[in-house]
Amino acid sequence: MNSAATSPSVPLAVETSGLVKSFGHYTALRGIDLKVPVGSTLAVFGPNGAGKTTLIKILASIMRPTSGKILIEGLELKDNAERVRTRLGLVAHQSYLYGNLSAWENLDFYARMYGVEDRRRRIGEVLELVNMTSRKHDRLVTFSRGMQQRMALARALLHKPSILLLDEPETGLDQQALGAIWDIIKSEEAGRRTIIFTSHSFERALAVCDGVVILERGRIAFKAQSCTLSLDGLKQKYQECTAAVKQ
Amino acid sequence: MKFWSRVAAIAWKDVVSELRTREIIFSVLVFAVLVLVIFNFAFDLAPDQMLQIVPGILWVAFAFSGVLALNRAFIPEKEENCLEGLMGCPVGREAIYVGKALGSLFFMVLVEAVILPVFALLFNIAVLQLEVIVVTLLATIGFVAVGTIFSALAVNTRAREMVLPILFLPIITPVIISAVKASSLVLVGSGWGGLTSWLSILAAFDVIFLVVPFLVFPYVIEE
Numbered sequence: 006m007n008s009a010a011t012s013p014s015v016p017l018a019v020e021t022s023g024l025v026k027s028f029g030h031y032t033a034l035r036g037i038d039l040k041v042p043v044g045s046t047l048a049v050f051g052p053n054g055a056g057k058t059t060l061i062k063i064l065a066s067i068m069r070p071t072s073g074k075i076l077i078e079g080l081e082l083k084d085n086a087e088r089v090r091t092r093l094g095l096v097a098h099q100s101y102l103y104g105n106l107s108a109w110e111n112l113d114f115y116a117r118m119y120g121v122e123d124r125r126r127r128i129g130e131v132l133e134l135v136n137m138t139s140r141k142h143d144r145l146v147t148f149s150r151g152m153q154q155r156m157a158l159a160r161a162l163l164h165k166p167s168i169l170l171l172d173e174p175e176t177g178l179d180q181q182a183l184g185a186i187w188d189i190i191k192s193e194e195a196g197r198r199t200i201i202f203t204s205h206s207f208e209r210a211l212a213v214c215d216g217v218v219i220l221e222r223g224r225i226a227f228k229a230q231s232c233t234l235s236l237d238g239l240k241q242k243y244q245e246c247t248a249a250v251k252q
Numbered sequence: 002m003k004f005w006s007r008v009a010a011i012a013w014k015d016v017v018s019e020l021r022t023r024e025i026i027f028s029v030l031v032f033a034v035l036v037l038v039i040f041n042f043a044f045d046l047a048p049d050q051m052l053q054i055v056p057g058i059l060w061v062a063f064a065f066s067g068v069l070a071l072n073r074a075f076i077p078e079k080e081e082n083c084l085e086g087l088m089g090c091p092v093g094r095e096a097i098y099v100g101k102a103l104g105s106l107f108f109m110v111l112v113e114a115v116i117l118p119v120f121a122l123l124f125n126i127a128v129l130q131l132e133v134i135v136v137t138l139l140a141t142i143g144f145v146a147v148g149t150i151f152s153a154l155a156v157n158t159r160a161r162e163m164v165l166p167i168l169f170l171p172i173i174t175p176v177i178i179s180a181v182k183a184s185s186l187v188l189v190g191s192g193w194g195g196l197t198s199w200l201s202i203l204a205a206f207d208v209i210f211l212v213v214p215f216l217v218f219p220y221v222i223e224e
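In order, the protein sequences belong to chains A and V. So the first sequence is numbered by the working numbering: it starts at 6 and just counts up by one. So the second sequence is numbered by the working numbering: it starts at 2 and just counts up by one.
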């Protein structure tokens, strides 16, 4: 998806082929084929119900696909789920953090779950990164939505994942908080980490991503490298893709 | 080792979180004590008749307070969708099951450790015997093992407070019956010899109730 992607020698961080997910009679994903090179940032757009969250959850190995193949850094997800999960970080709509535990306790718990070495030092680092060191002993229930989102990011970065999956990270955040979150994402291990994120913000996506995918009713309706798109061009494509299906 | 360190982390998290709020422990303790007090006033029996009835009273208190505790076991995982966070960790789903079950076992044993002396005091029966403690522990292990999986199943339903007892109590009935019978034998002074068959049944159910949910749990939480 990025400029490096044009070279066939660039390894792929994520590769899916024929990915299908059904919930009873409802099919959320209908044959998704994706190739995301290492170190690139891919934005996934689509209206509500297009399958964005389902795609992220399947890539994060929280949900099993009905059919299709997923390779994460060359490893088949189905057969290597536990190994693959050490390479993935996920920020979802909800923080995945426990309200009755403090910021430190939450991160310590996840550090133990991920087998992070030198936990104290790493927890200190990520708290510093998300600027939450001064609140480390406070319970999560006392945090604002923006603070919780920063803590969710700290949790996702704790084990230094090589692939970061973000499901609408802008939800409930003001522009300043959102800018800060993207600064954090881009500051740590910049250029080496692969990022796949779902969004409704075209401006933000064009500013940070290398590739764009538009999902509509579980299918990829459009994909392109972001350098070939203007903001108006992307908005127009989005309207075309979603309008075509409505008709 | 990796498996057990993850299991310990999950159980630790549940214990710390609960000891901070005491939501489960207090409500379950109050409920169990109330049950004992009500039964204590309801029955006015001769001592020999009392020995026939009190094991049932004890296990009614344990069973229903246990359901109350298990109903809450997966609520913290539902808030902020933490269960998905756990599922994204590099650990088998089985570790989540064992960790949650160990956390629930800790709370149940804690409650039973308070209830048994209260029971002895109210009914004036020497219930604090090694045999009763062994029976209680064996029954509680089976109770928690199977209750944890039904709790995970019920947490995603709208009427979870009703779903859990309806699904869970019929399954756990053999354990409760065995525990009542075994406790009854202890109270009439039959000793270890008379308990063997009931202890064997309890142990067999424990094994079944530990193995089956362990294997089924990944499917329960994924779909």
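All C-beta atoms in this analysis are idealised placements derived from N, C-alpha and C, irrespective of residue type, glycine included.
Reduced DSSP category for Glu245 (chain A) - H, G, I as helix; E, B as strand; rest coil: helix
Is it the case that the segment 54-68 of chain A contacts the segment 203-221 of chain A, given that we only count it when at least three CB pairs across the two stretches are under 8 Å? Contact between the segment 203-221 of chain A and the segment 54-68 of chain A is present: three or more C-beta pairs spanning the two stretches fall below 8 Å.
Minimum length 4: unbroken alpha helix (DSSP H) runs contained in the segment 180-239 of chain A: Whole alpha helix (DSSP H) segments, 4+ residues: 180-192 and 207-213.
Could you give the distance in angstroms between the alpha-carbon of Met156 (chain A) and the alpha-carbon of Phe144 (chain V)? As the crow flies, the alpha-carbon of Met156 (chain A) is around 36 Å from that of Phe144 (chain V).
Is it buried or exposed, Leu37 (chain V), if we count other Cβ atoms within 10 angstroms and call 16 or more buried? buried
Between Val147 (chain V) and chain A, is there a C-beta pair that is closer than 8 Å? Against chain A, the CB of Val147 (chain V) has no partner CB under 8 Å away; the residue lies outside that interface.
Contacts around Leu106 (chain A), its chain only, beta-carbon distance under 8 Å, and the 5 residues preceding and following it disregarded: Phe114, Arg144 and Leu145
Does Met2 (chain V) pass the burial test, meaning 16 or more other C-beta atoms within 10 Å, or should it be called exposed? exposed
When you check each C-beta in the segment 63-94 of chain V against every C-beta of chain A, which residues fall closer than 8 Å? Pro77, Glu80, Glu81, Asn82, Cys83, Glu85, Gly86, Leu87, Met88, Gly89, Cys90, Pro91, Val92 and Gly93
Cross-chain neighbours of Thr22 (chain V) in chain A, by beta carbon under 7 Å: Asn105
Just to confirm my understanding: we take Glu24 (chain V), look at its own chain, exclude 5 residues before and 5 after, and list those with CB closer than 6 Å. What are they? Hits under 6 Å: none found.
Return the residue from the list V:Val136, V:Asp15 and V:Ile167 that minimises the CA-CA distance to Val68 (chain V). V:Ile167
The segment 74-90 of chain A in contact with the segment 120-138 of chain A per 3-pair CB rule at 8 Å: Here the segment 74-90 of chain A makes no contact with the segment 120-138 of chain A; the two share fewer than three CB pairs at distances below 8 Å.
With a threshold of 16 other CB atoms inside 10 Å of the CB of Trp5 (chain V), please say whether the residue is buried or exposed. The residue is exposed, with fewer than 16 neighbouring Cβ atoms inside 10 Å.
Glu113 (chain V) vs Thr149 (chain V) beta-carbon contact at 8 Å: no
Where does Asp113 (chain A) fall in DSSP's three states? helix
Closer than 8 Å, CB to CB, is Arg125 (chain A) near chain V or not? So no, Arg125 (chain A) is outside the interface.
For Ile67 (chain A), go through chain V and note every residue whose CB falls closer than 7 Å to its CB, in chain order. Glu85, Met88 and Gly89
Counted within 10 angstroms of its Cβ, other Cβ atoms place Lys240 (chain A) as buried (16 or more) or exposed: exposed
What's the gap between the Cα of Val31 (chain V) and the Cα of Val128 (chain V)? 20 Å
For a test of the three-state rule: what should DSSP assign to Phe50 (chain A), helix, strand or coil? Strand at Phe50 (chain A).
Would Arg7 (chain V) pass as an interface residue toward chain A - the criterion being a Cβ-Cβ separation below 8 Å? yes
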